[in-house]
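Engineer: Structure provided below as structure tokens; questions to follow.
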Amino acid sequence: MLRLSALYRYPLKSGKAETLQHIGLDKLGLAGDRRWMLVDEASGRFLTQRAVAKMSQLSALWNSAGGLTLSSPGLAPLEVALPSSEAELRGVTIWRDTLRVPDAGTAAAAWVSDFIGKPTRLVQVPVERARTTQDGYGKADDKVGFADGFPLLLIGQASLDDLSQRIGRPMEMLRFRPNLVIEGSEAFAEDGWKRVRIGDVEFRVVKSCSRCILTTIDPSSGERSADREPLTTLKTYREQDGDVMFGQNLVNDGPGHLEVGMPVTILE
């Protein structure tokens, strides 16, 4: 039987993961997932572990009011409130998208600038200011917050086990930053799924996920793998048209609730 074996949320794009037992879903995927982001103060360009590996050590815990608690070794924790409707809007760029979103204020900016080492701002995306998902996939009204292209990422546990066996050492699931982990399927069975139901929530599988250098960062230490694993091995059997694929991007059709252990049904 297929079941949901793990749930992860990333309140801050490229920050540490939160391991969850249950979570609600809204128009942008898991409630509170990647609704916050760091941007370069001068350009508004988004910042991630791709360029700033130590962001893997930045904890941003979501709270029920929608705010964050920022913490990192060497810095005092900071409580950041959800920006009000009167908050200053800041122009930001994430990949090819530009949008104006609420800025979290000067105290948050000072904290994240100290952490990053250059002038940086913390921004938040409300549902009404969210982007549309990547062109050519999904429906016209599918929305995404600050995730790269789609609101949710699913990986089969067997797929990771297969990869770890090929590499010769265990790979951490959090290198791949999934939201949903499925147990009980064959390795890479998710490649052929089109529609999935978990509990009472239905999801559309819209696109395989192409992987980047971020996967070579150890999520516990923030150090890059000297042998460029797991990308080195993935390229030997998961490369398509120059991209390395691992995991599937999903869109949830409507709100709902997820809990670890729920049964998973493949609808199509």
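Read in order, the letters of the sequence shown are residues 1 to 268 in full-length UniProt numbering. Just so it is clear, CB atoms sit at the ideal spot from N, CA and C, and this is done for glycine as well.
#1: Could you tell me the boundaries of the alpha helix (DSSP H) in which residue 216 lies?
#2: Can you grab the Cα-Cα spacing for the pair residue 202 / residue 268, in whole Å?
#3: CB-CB under 7 Å to residue 157, same chain, minus the five flanking residues each way: which ones, in chain order?
#4: Kindly list the residues whose CB is nearer than 8 Å to the CB of residue 21, restricted to its own chain and excluding five residues on each side of it in sequence; keep chain order.
#5: Need the endpoints of the beta strand (DSSP E) that residue 124 sits in, please.
#6: Between the Cα of residue 150 and the Cα atoms of 16, 166, 178 and 167, which residue gives the shortest distance?
#7: Along the chain, where does the alpha helix (DSSP H) that runs through residue 163 open and close?
#8: Tell me, please, whether the segment 70-78 touches the segment 94-102 by the rule of three or more beta-carbon pairs shorter than 8 Å.
#9: From what residue to what residue does the beta strand (DSSP E) around residue 8 run?
#10: Using 8 Å as the threshold, is the C-beta distance between residue 155 and residue 247 below it?
#11: To the nearest angstrom, how far is it from the Cα of residue 216 to the Cα of residue 17?
#12: Verify whether the separation of the beta carbon atoms of residue 9 and residue 33 is less than 8 Å.
#13: Does residue 288 come out as helix, strand or coil in the three-state DSSP assignment?
#14: Over what stretch of residues does the alpha helix (DSSP H) that includes residue 233 continue unbroken?
Structural biologist: This is what the structure gives:
#1: Premise fails: residue 216 is in no alpha helix (DSSP H) and is neither H nor E.
#2: 11 Å
#3: 5, 181, 182 and 183
#4: 7, 259 and 260
#5: Following the DSSP letters along the chain, one finds residue 124 inside the beta strand (DSSP E) bounded by residues 120-124.
#6: Distance from the Cα of residue 150 is smallest, within the candidate group 16, 166, 178 and 167, for 178.
#7: Residue 163: member of the alpha helix (DSSP H) spanning 157-167, first to last residue.
#8: no
#9: 3-9
#10: Taking 8 Å as the cut-off, the beta carbon of residue 155 is found closer than this to the beta carbon of residue 247.
#11: The straight-line gap from Cα to Cα measures roughly 16 Å.
#12: yes
#13: For the chain, the structure presents residues 1 to 268; residue 288 sits outside this window and is missing.
#14: 231-237
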